[in-house]
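The structure appears right after this line, and notes come after that.
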Amino acid sequence: MTRKTVTITDNATGKSMELEVHEGTLGPPALDISNLYRDFGYLTYDPGFQSTASCSSGITFIDGDEGVLLYHGYPIEQLAAKSSFLEVAFLLLYSRLPRQQELEAFAAKISKHTMIKESLRGFYKGFYHDAHPMASMVGVVGSLSAFYHDSTDIHDPAHRELAALRMIAKMPTIAAGCYKYSLGEPFIYPRNDLSYCGNLLHMMFSLPSAEYQVDPVAEKALDMIFILHADHEQNASTATVRLAGSSGANPFACISSGITALWGPAHGGANEAVLLMLDEIGEVKNIPRYIDKAKDKNDPFRLMGFGHRVYKNYDPRAAIIRDMCYQVLEKFGDADDPMFELAMRLEEIALQDEYFIERKLYPNVDFYSGIIYKALGIPVNMFTVMFAIARTVGWVAQWMEMIAEPNQRIGRPRQVYIGEKRRDYVPLEER
Ligand code: CMC
Numbered sequence: 112m113t114r115k116t117v118t119i120t121d122n123a124t125g126k127s128m129e130l131e132v133h134e135g136t137l138g139p140p141a142l143d144i145s146n147l148y149r150d151f152g153y154l155t156y157d158p159g160f161q162s163t164a165s166c167s168s169g170i171t172f173i174d175g176d177e178g179v180l181l182y183h184g185y186p187i188e189q190l191a192a193k194s195s196f197l198e199v200a201f202l203l204l205y206s207r208l209p210r211q212q213e214l215e216a217f218a219a220k221i222s223k224h225t226m227i228k229e230s231l232r233g234f235y236k237g238f239y240h241d242a243h244p245m246a247s248m249v250g251v252v253g254s255l256s257a258f259y260h261d262s263t264d265i266h267d268p269a270h271r272e273l274a275a276l277r278m279i280a281k282m283p284t285i286a287a288g289c290y291k292y293s294l295g296e297p298f299i300y301p302r303n304d305l306s307y308c309g310n311l312l313h314m315m316f317s318l319p320s321a322e323y324q325v326d327p328v329a330e331k332a333l334d335m336i337f338i339l340h341a342d343h344e345q346n347a348s349t350a351t352v353r354l355a356g357s358s359g360a361n362p363f364a365c366i367s368s369g370i371t372a373l374w375g376p377a378h379g380g381a382n383e384a385v386l387l388m389l390d391e392i393g394e395v396k397n398i399p400r401y402i403d404k405a406k407d408k409n410d411p412f413r414l415m416g417f418g419h420r421v422y423k424n425y426d427p428r429a430a431i432i433r434d435m436c437y438q439v440l441e442k443f444g445d446a447d448d449p450m451f452e453l454a455m456r457l458e459e460i461a462l463q464d465e466y467f468i469e470r471k472l473y474p475n476v477d478f479y480s481g482i483i484y485k486a487l488g489i490p491v492n493m494f495t496v497m498f499a500i501a502r503t504v505g506w507v508a509q510w511m512e513m514i515a516e517p518n519q520r521i522g523r524p525r526q527v528y529i530g531e532k533r534r535d536y537v538p539l540e541e542r
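FYI, in my numbering the residues of the sequence shown are 112 to 542.
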């Protein structure tokens with residue numbers, strides 16, 4: 112195969128350098144600039160990583176122009192319609208779909224790790240009852256490394272796998288714990304006879320004093336949303352997990368750092384922000400005012416749930432979730448729910464607006480997920496926690512892929528320094 116290169120030339124000196132082109136199986140090729148500074152004396156400048164591939168990965172592929180999302184080659188639409196969250200978790204971790212027996216064995220392994228240590232439950236008491244559940248998640252997940260010393264040796268593949276299974280298994284228990292603590296209700300132990308999402312619903316909504324039946328429609332809806340959220344290549348939280356992991360930090364600490372990055376409203380925090388925004392807009396008649404605010408560069412307001420760094424087309428996850436809204440609202444809410452109607456009108460008006468058309472701003476996955484969560488009775492401050500539970504699978508899969516790379520090195524971005532040049536210290540009395 113011929114080696115592809117691109118030559119760059121410094122117009123000031125006439126000096127040239129050939130850069131090798133890396134081609135993946137799909138997607139745009141990348142210039143290898145790893146020796147650029149050493150051989151050419153330049154750094155590259157790309158704040159926000161708009162044109163930077165920070166790694167090679169075989170897990171998830173996005174074609175943002177076409178609105179395509181694949182997990183190990185399988186289209187998200189097929190997985191959402193035919194698969195289950197645990198099957199997708201297997202796919203992301205082991206790069207292939209499981210056979211029946213393998214899936215059962217995997218589900219059994221996850222079930223084995225759903226409990227958390229009793230003393231870990233004591234951690235919650237350190238938080239005020241009104242702590243945001245994402246804040247509690249960061250603390251509790253980060254502390255797992257203090258409990259599971261038999262899965263923190265990142266050089267041992269068996270430790271890595273055990274840590275991955277533990278985190279996938281314990282996230283629902285930890286998340287439900289955050290919720291129960293905020294309500295002042297007793298923690299509910301996991302039930303391993305239930306599905307992954309059924310168990311989460313049980314731990315969130317049942318009480319020791321009454322029988323709770325998991326609703327199959329709610330269980331299915333949650334499972335599908337979790338499939339959609341399971342991975343999304345090198346987004347801010349995944350890149351954070353990889354960067355933290357590149358230093359050799361233990362996996363629990365890395366996932367905790369991913370949760371912090373996810374929390375921001377530009378990322379996973381957008382699902383909570385969408386609901387707050389819809390509440391604020393209130394009525395269809397107010398939409399034009401808020402569209403104007405979103406377009407006004409002097410106003411920090413943005414249309415939450417709109418726009419994406421990679422998708423310059425309808426987010427394929429948003430299309431799936433939008434359809435699911437009807438089913439969920441029919442069962443639990445009101446198919447004529449004014450909030451759903453408001454969201455649909457907002458989408459319609461924004462998609463016809465020149466500002467949004469020109470910038471290719473479409474609804475993203477978070478635009479509709481909150482409406483479903485709300486209909487399922489999940490409180491707004493738990494929305495991003497739901498996202499974190501699902502994304503844990505992607506985070507651990509990406510972390511495992513990175514650690515297994517033979518040439519894995521610490522991630523260490525450079526900078527263009529714009530501060531003061533060297534200057535001498537002036538003693539206090541002379542300033
Ligand atoms: N409302 C109004 N204007 C917007 C919006 C929006 N939601 N999103 C982007 N723009 C404008 C932006 O002002 C800029 O305009 P101009 O070129 O005139 O300066 C242009 O569109 C490009 O935006 P950008 O900020 O340069 O794009 P980005 O790739 O840096 O940001 C984003 C992507 C998702 C952070 C941004 O679109 C946004 O803030 N959206 C709202 C928050 C949101 O829904 N986030 C969830 C993302 S999907 C789930 C996830 O990743 O977790």
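C-beta: ideal position from N, C-alpha, C; glycine also.
Using a threshold of 8 Å, state whether the C-beta atoms of residue i and residue j are closer than that.
i, j, result
"PHE417", "PHE494", "no"
"ILE338", "MET314", "no"
"PHE363", "ALA274", "yes"
"LEU276", "CYS308", "no"
"LEU386", "GLY481", "yes"
"LEU154", "ARG525", "yes"
"LYS442", "VAL325", "no"
"MET128", "ASP150", "yes"
"PHE201", "LEU214", "yes"
"LEU354", "LEU453", "no"
"THR116", "VAL132", "yes"
"ALA486", "GLY444", "yes"
"ALA508", "LEU204", "yes"
"PHE217", "LEU197", "yes"
Look up residue i in the DSSP assignment and say whether it is helix, strand or coil.
i, result
"PRO186", "strand"
"THR349", "helix"
"ASP403", "helix"
"ASP410", "coil"
"VAL252", "helix"
"PHE258", "coil"
"ILE144", "coil"
"SER367", "helix"
"LEU386", "helix"
"VAL439", "helix"
"GLU531", "coil"
"THR136", "coil"
"LEU305", "coil"
"MET513", "helix"
"PHE494", "helix"
"MET415", "coil"
"ALA99", "The structure shown does not extend to residue 99, since the chain is modelled only from 112 to 542, so the question has no answer here."
"ILE265", "coil"
"GLU131", "strand"
Would you report the Cα separation of residue i and residue j, rounded to the nearest angstrom?
i, j, result
"TYR422", "ARG428", "11 Å"
"SER194", "TYR466", "38 Å"
"SER145", "VAL504", "30 Å"
"THR171", "ASP121", "36 Å"
"VAL439", "ASP426", "20 Å"
"LEU294", "GLU344", "35 Å"
"ASN409", "ASP174", "32 Å"
"HIS266", "LEU312", "35 Å"
"ASN310", "MET226", "12 Å"
"ILE460", "TYR484", "24 Å"
"SER167", "GLU330", "35 Å"
"HIS63", "ILE432", "Any answer about residue 63 is impossible in this case: the structure gives the chain only from 112 up to 542."
"SER358", "PHE160", "20 Å"
"TYR185", "PRO244", "33 Å"
"ILE279", "SER222", "10 Å"
"MET335", "VAL496", "16 Å"
"ASP407", "LEU414", "11 Å"
Beta-carbon within less than 8 Å of residue i's beta-carbon, same chain only, minus the 5 sequence neighbours each way: which residues are those?
i, result
"PRO297", "LYS291, LEU318, PRO319"
"ASN475", "ALA381, GLY416, PHE417, GLY418, HIS419, TYR422, ASP426, ARG428, ALA429"
"ALA246", "PHE238"
Spatial neighbours of residue i within its chain, please: C-beta separation below 7 Å, excluding the five flanking residues on both sides.
i, result
"SER256", "THR263, ASN361, PHE363, ALA364"
"ARG232", "GLY288, PHE298"
"ALA515", "none"
"SER165", "GLN345, ALA350"
"ILE285", "ILE227, MET248, VAL251, VAL252"
Please list, in chain order, all residues of the same chain as residue i whose beta carbon is under 6 Å from its beta carbon, the five residues on each side excluded.
i, result
"GLU134", "PRO140"
"ILE392", "TYR401"
"HIS340", "PHE498, ALA501, ARG502"
"HIS270", "SER262, ASP264"
"LEU137", "PHE172"
"GLY369", "SER348, THR351, VAL352, TRP506"
Practice prompt. Please go through the region 164-249 and give each complete alpha helix (DSSP H) segment of 4 or more residues, from N-terminal end onward.
Written response: Listed in chain order, the complete alpha helix (DSSP H) runs (minimum 4 residues) inside the region 164-249 are 187-193, 196-205, 211-223, 229-232.
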